[in-house]
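*Asks:* My questions will all concern the structure given below.
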Amino acid sequence: MNGSMGVTAIMTKTDRERISRKVDVKDSKRYQSASRIRQRIRELEKDAEILEKHHPDLYEELRKVLNPDTEWLREELETKRNEIENEFPGVVPRITQFKNSPLGLTISIFAGDEYEVLVEDIDQVGDYLHMRGYNVRGTYDTKHEPGLGEPHYEGHLYALPSEVGIPEYPVREMPRFTETIEKFEWDTSV
Numbered sequence: 015m016n017g018s019m020g021v022t023a024i025m026t027k028t029d030r031e032r033i034s035r036k037v038d039v040k041d042s043k044r045y046q047s048a049s050r051i052r053q054r055i056r057e058l059e060k061d062a063e064i065l066e067k068h069h070p071d072l073y074e075e076l077r078k079v080l081n082p083d084t085e086w087l088r089e090e091l092e093t094k095r096n097e098i099e100n101e102f103p104g105v106v107p108r109i110t111q112f113k114n115s116p117l118g119l120t121i122s123i124f125a126g127d128e129y130e131v132l133v134e135d136i137d138q139v140g141d142y143l144h145m146r147g148y149n150v151r152g153t154y155d156t157k158h159e160p161g162l163g164e165p166h167y168e169g170h171l172y173a174l175p176s177e178v179g180i181p182e183y184p185v186r187e188m189p190r191f192t193e194t195i196e197k198f199e200w201d202t203s204v
């Protein structure tokens with residue numbers, strides 16, 4: 015490596031100068047820089063997936079640089095996840111980020127062929143979160159795969175602290191034999 019060359023991230027020195035308008039260039043040159051930066055961002059997404067899977071410490075460093083304002087949210091969600099695990103044995107909440115959504119808490123509950131048991135469990139967890147200042151939305155689904163016996167029910171919650179906003183229903187690719195029975199949310203005006 016040439017000693018006069020510095021380390022770059024997503025932008026080269028030239029890109030930085032063009033994008034920040036520190037140099038007087040044609041707009042077409044700025045667009046070229048922007049296009050190259052977009053390509054690097056797409057590659058960065060791939061790199062982040064590899065780091066998350068194979069080198070979690072480096073992934074955590076990258077995440078903190080890219081999302082410095084969400085550190086408090088991650089800590090809050092981790093605390094709430096631990097509370098739920100202690101309060102509701104067998105319920106396993108996850109900290110998740112859906113595409114184009116903020117970091118949130120997702121909870122999936124499964125109940126063989128007894129829909130009423132599922133509703134009771136998910137209602138209790140949803141009430142618990144709502145009473146602690148979370149906005150909560152979710153779905154009840156039924157899944158019946160031919161040859162695998164009776165259908166079973168799934169309940170899914172997506173929760174955010176109220177200061178973050180109201181969660182959108184999680185966009186997930188539903189398995190072929192899954193049907194949404196009901197979408198629901200806790201009253202956000204309380």
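Residues 15 to 204 in the numbering used here are what the sequence shown lists, from first letter to last. Where a beta carbon is used, it is the ideal one built from N, C-alpha and C, also for glycine. No experiment lies behind these values; they were computed from the predicted model shown.
Pull up the DSSP beta-bridge partners for N96, would you.
*Replies:* DSSP output for N96 lists no bridge partner at all.
*Asks:* What is the DSSP secondary structure of T156, counted as helix, strand or coil?
*Replies:* Strand, per DSSP.
*Asks:* Mind checking who G169 pairs with in its DSSP beta bridge?
*Replies:* Looking at the DSSP assignment, G169 forms a beta bridge with I123, Y154.
*Asks:* So what does DSSP say about G118, is it helix, strand or coil?
*Replies:* Note: G118 maps to strand in three-state DSSP.
*Asks:* In the structure shown, what three-state DSSP assignment does P181 receive?
*Replies:* In this structure, P181 counts as coil in the three-state DSSP scheme.
*Asks:* So Y154 packs on Y172, CB below 8 Å; how close in whole Å?
*Replies:* Incorrect: roughly 13 Å between the Cβ atoms, too far for contact.
*Asks:* My parser needs the beta strand (DSSP E) runs of 3 or more residues fully inside the segment 18-59; what are they?
*Replies:* Correct list: empty.
*Asks:* Pull up the distance between the alpha-carbon of R32 and that of D61, whole angstroms please.
*Replies:* Roughly 25 Å between the two C-alpha positions.
*Asks:* Taking G169 and G147 to be in contact with their CB atoms under 8 Å, please state how far apart those CB atoms are, rounded to whole angstroms.
*Replies:* Wrong, their Cβ atoms sit about 21 Å apart, outside the cutoff.
*Asks:* I think P107 touches E99, with their Cβ atoms under 8 Å apart; what is that distance to the nearest whole Å?
*Replies:* With 8 Å as the limit, P107 and E99 qualify as a contact, their Cβ atoms being about 7 Å apart.
*Asks:* Report the residue from V133, L80, Q111 whose alpha carbon sits nearest the alpha carbon of L58.
*Replies:* It is L80.
*Asks:* Could you have a look at P70 and say whether DSSP puts it in helix, strand or coil?
*Replies:* Three-state result, P70: helix.
*Asks:* Go ahead and label W86 buried or exposed: buried means 16 or more other beta carbons lie within 10 angstroms of its beta carbon, across all protein chains shown.
*Replies:* Looking at its Cβ environment, which holds fewer than 16 other Cβ atoms inside 10 Å, W86 is exposed.
*Asks:* For E164, does the three-state DSSP call read helix, strand or coil?
*Replies:* E164: coil per DSSP, three-state reduction.
*Asks:* Please name the residue in E199, Q46, T110, A23 whose C-alpha comes closest to that of H144.
*Replies:* If we check each option's Cα against that of H144, E199 comes out closest.
*Asks:* Apart from the five residues on each side of it in sequence, which residues of its chain come closer than 8 Å, Cβ to Cβ, to G179?
*Replies:* Answer for G179: P116, N149, listed in chain order.
*Asks:* Start and end of the beta strand (DSSP E) containing P103?
*Replies:* Here P103 belongs to no beta strand (DSSP E), and DSSP marks it neither H nor E.
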